[in-house]
Structure formats: structure tokens, C-alpha cells
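Step one of this worksheet: look at the structure below.
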Amino acid sequence: MRGAARRRARGRAPVVLAAILASLALVAGCSGAGALGSAEGVETVTVAIVSNPQMEDAISLAPRFEAANPGIRLRFVSLSENEARAKITASVATGGGEFDIVMISNYETPQWAQNGWLTDLEPYIAGTPGYDQADFIPTVRDSLSFQGRMYSVPFYGESSFLMYRRDLFEQAGIQMPAQPTWPQIAEFAARLDQGEGQRRGICLRGKPGWGEVMAPLDTVINTFGGRWYDPEWRAQLTSPEVRQAVQFYVDLVRQHGEPGASQAGFSECATQFGQGQVAMWYDATSAAGTVEDSEESTVAGRIGYAPAPVVATPSSGWLYSWSLGIPQTSPRKDAAWRFMSWMTSKEYIQLAGREVGWTSIPPGSRQSTYEIPEYRQVAGAYGPLILQGLQRANPQQPTVQPVPYQGVQFVRIPEFQDLGTRVSQQVSAAIAGQITVDEALEQSQNYAETVGESYQR
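If you count by our numbering, then the sequence shown holds residues 149 to 605, one letter each, in order.
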């Protein structure tokens, strides 16, 4: 967020906080992290973590940390992604103090740092020999910083790319370009689509949610030249570029996409692609570890990878990182950092590779990961693309024309969690055939105008 918008955002914190307080009722029934008594000389560090596979691996390896640090005990509160966002946001924003470590992303980190909700990690990083902050992929490191200082550290990072069945492409005589365009992908999907009840051409998310359908769709909007707002915060969701992008996406998934697309998210597409029911899948680079796992996927070893498709921009992959931060309210900051620095270290990546397998290590955080011989051997087809996608992502200028916000697959303002979700519901309804794309965008424009007006000062 740039200077003027940044100053305005400070005054908006009470409004955002009120909305967060309202969400507390929704999460009150979740498994709480309440304060635990600690044995004498032992600190209990409570960690709120998202229940994704790599995070579950970290929990399974945590006894290694405890054995080496007998003065620290770890308590994990493992939550689904949507539940984690709600509960962690409510706790941190209200100073609830339930958690010593929170798993957040590059969407929350700069905003929460600006609000004074997170601990500045620079002194801890500087005081940890061998931690090697410079080894973090620069775009990931910068996305987790506020005013040049890191307020969370990355566990893993991801961009987006296209996965496709090499065997099916060879059978059809199709050559995947080194940098495909979206019109080319639509053509390939049509050629590989066997019709309803059979293998379809492509899987694309259609499930409502700012982190579901809006994540891939925003990259399509960007590369078609669309944007959420112009530099004066005037909403642009009915512009010709956005209309063309959304119509393209909806048509592609309706004509050649997976069944039940309006309720399909990352997990559903992972299953469809892994079971050979679709020929292509555009999604997060973190999916590679799943689709290349022969115990999970029937197509492992037959997958090709290509950069995120483009139209009017040179690249279009998104930038996202699951990271760890320390709320300002934690009284156990030193102990929290000791665990965080372990979980985000080079040594942890080596440990995870040896113990859970090199295809399952947390990717996209450190540049040195891509020099590990064992990882290069198993990830030769996709590892370089993950690194390239993260390096090429441009949150400051995600599309063709100037924008007043930062973010590739999101708009980094507090209101976007609600705005993005509302717009996603309209898009999902269009994918389901309940409304037209024009109707979806007209309503979305109204939502975006309401938010944009509050920035027009």
C-alpha cells in the first residue's frame, strides 16, 4: 500500500477491528488455545497453525525441537484454513493473547505490522547466528516486511503454474509452449476434452472465497490488463478488460472444466487431476508435491509444468507465503522465536527432506533449497518453475496499468477479505449458470465502489 493510502488505513483500523470483533462469535466454538500452566523452568509456547500437509509434517517433527530445547514445550492449535484466518485474526486484532506464534501470510503481515499487532523480528533475526535472512527469496522476504523490517518469516512460499499431462499432450500431438497464453490453453482444453462424464480439458477453481476462485481468477484479470481500482480508487470491475477476463474464465471452466466447478477449490482440483479426470490444472505451485506423490496420485511421473499463462503481461503467477509471526501480546517472545527460527531454518528443510521425503519439504522460502542435490533430483521438472514464478511476481505492479494497491491475487487492504469473498460469490454463481457474467460484475462493481469511496480523500 502506498503512502497516502497507508495514512488513511491507520484511521480505518477501528472500523476493521469492529468487523473482526463481530466475527468472534463465529469462532468462539473453535478449539481454543487458552493459557496453560507451565512446569517450573518450562515455558509452554502455543502455536496457531494451518492444517496443511507441510504444517502437519512440522508438528510431527516438533519433538526433535523439544528434545533439543528442554525448557520449551509446544502446544499446537491446528485449524482449517478458513477457521485459522477467522480465529487468528480475531485473537491478534483484539489482543486476546491466546497464541504465542501465529501462522499468517503476506496478505496480513504488512497490515498487522502497521497496526502494531506483530513483533518486529529484526532484532531476533540479527541475534541468531546462521539464520541467514538474505537466503530468503527476495520477493517473499519483501512481502513479509513493513518499512523494510520483517514481521513474519516464511515457512513456505508459492506462486502459480500450469500442470498438464505430458502423455495426453503427446498422444494428441500438442506441444506446450515455453510460455503459454490463455487462448492457447483454451484451445488445448477443447482438444483434450472428452465430454461430460469423461475426462475434461482443465480444472479451475470455482468455489466461493477470496482465497479460492479469486486467487487464480485475479491472475487472469491481471494478465488481461484488468485491475480492481485505478490510482484514484475508482472501481474498475466493469471495465472491458475485467469483463473479457472473467467471461473467458467462466466460459473455459463451464465448457471444458470439471463437473461441479462452482464448488471446486484447490482440494477438489487436486483430486480430479491426481485421479486422471482432467488433462490440465492451473493452480498453486505447492500442488506439485501432492500430484507427484505416487501414493496420492495416479498420474505421478507423467506431469509437465509450464509458467502461468499470460495475455498482455510478461508473467502472471501469484505470490503467497505461509509464515510465522509473534503477536505483540505474547509474553514468551524469546521462546517463540527459538521455535520459529528452527521451523523456518535451512536445517529444518534438510530434516524434513530426510524424514518425510524430499517431495514434501516446504518449498518457496529459501533460495538454497533449490541447490540441495536431493531436492533437485526429485523436483527437476517443477522446482525451477517455482523459483522463477516467485522471483518474477510483481505485487507492486501486477497488471498493465497503474494501481494504488499491492498484491497479485489479492488487494492488500483490510476490506478485501470481505470484498473479495462477496465478488467471488458472484463469480461462482456465474460459473454455476445462475447469473450472467455481466450481472455478476455489475453487483461486484457496487461492492467495490463502496470500499473505494472510503479511500478517495
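All residues carry an ideal CB built from backbone N, CA and C; glycine is no exception. The structure presented is a predicted model; accordingly, all values stated were derived computationally and were not measured.
I'd like to know whether the C-beta of Arg-570 is nearer than 7 Å to at least one C-beta of chain B. Absent from the structure is chain B; it holds one protein chain and no more.
Could you tell me the distance, in whole angstroms, from the CA atom of Asp-315 to the CA atom of Ala-427? So the alpha carbons of these two residues sit roughly 10 Å apart.
Can you give me the start and stop residues for the alpha helix (DSSP H) that Tyr-523 sits inside? Residues 521-526.
Going by DSSP in three states, Phe-284 sits in which element: helix, strand or coil? Strand, per DSSP.
Euclidean distance between Cα positions of Asp-283 and Ala-338: Roughly 42 Å separates the two Cα atoms.
Residue range of the unbroken alpha helix (DSSP H) whose run includes Pro-201: Counting along the chain, the unbroken alpha helix (DSSP H) around Pro-201 starts and ends at 201-216.
For Arg-155, I'd like the list of residues in its chain whose CB is within less than 6 Å of its CB, leaving aside the five on either flank, ordered along the chain. Here the model assigns Arg-155 a pLDDT of 31, short of 50, so the residue's position is not dependable and the matter cannot be decided.
Using the Cα positions of Arg-212 and Tyr-312, report the straight-line distance between them to the nearest angstrom. Whole-angstrom Cα-Cα distance: 38 Å.
Assuming Ala-436 contacts Lys-355 (C-beta within less than 8 Å), just tell me the rounded distance between them. Not a contact, Cβ separation roughly 21 Å.
Helix, strand or coil: how does DSSP classify Ser-226 here? Collapsing the DSSP output to three states places Ser-226 in a strand.
For Ala-376 and Ala-529, what's the separation of their Cα atoms in angstroms? The sequence given here places Trp at residue 376; Ala does not occur at that position. One C-alpha to the other measures close to 34 Å.
Would you mind stating whether Val-250 and Gly-512 have Cβ atoms separated by less than 7 Å? In this structure, Gly-512 does not lie closer than 7 Å to Val-250 by Cβ.
When DSSP labels each residue in this structure, what does Leu-266 get in the three-state scheme? Reduced to three states, the DSSP call for Leu-266 is strand.
Cut-off 6 Å between Cβ atoms - residues of its own chain near Ala-261, not counting five sequence neighbours on either side: Counting only Cβ-Cβ distances below 6 Å, and skipping sequence neighbours, we find Phe-294 and Tyr-299.
What three-state label does DSSP hand Met-491 in the structure shown? In the structure shown, Met-491 adopts helical secondary structure according to DSSP, grouped into three states.
CB contact flag (Trp-429, Ser-308, <7 Å): Result no, Cβ atoms of Trp-429 and Ser-308 do not sit closer than 7 Å.
Compute the Euclidean distance between the alpha carbons of Arg-540 and Thr-371, then round it to the nearest angstrom. If I take the Cα positions, the gap works out to 13 Å.
Would you please state the rounded distance, in angstroms, between the beta carbons of Pro-364 and Asp-290? I believe it to be under 8 Å. Not really, about 23 Å apart at Cβ, beyond 8 Å.
By how many angstroms is the C-alpha of Leu-310 removed from the C-alpha of Ile-583? Taken atom to atom, the span from the alpha-carbon of Ile-583 to that of Leu-310 is near 28 Å.
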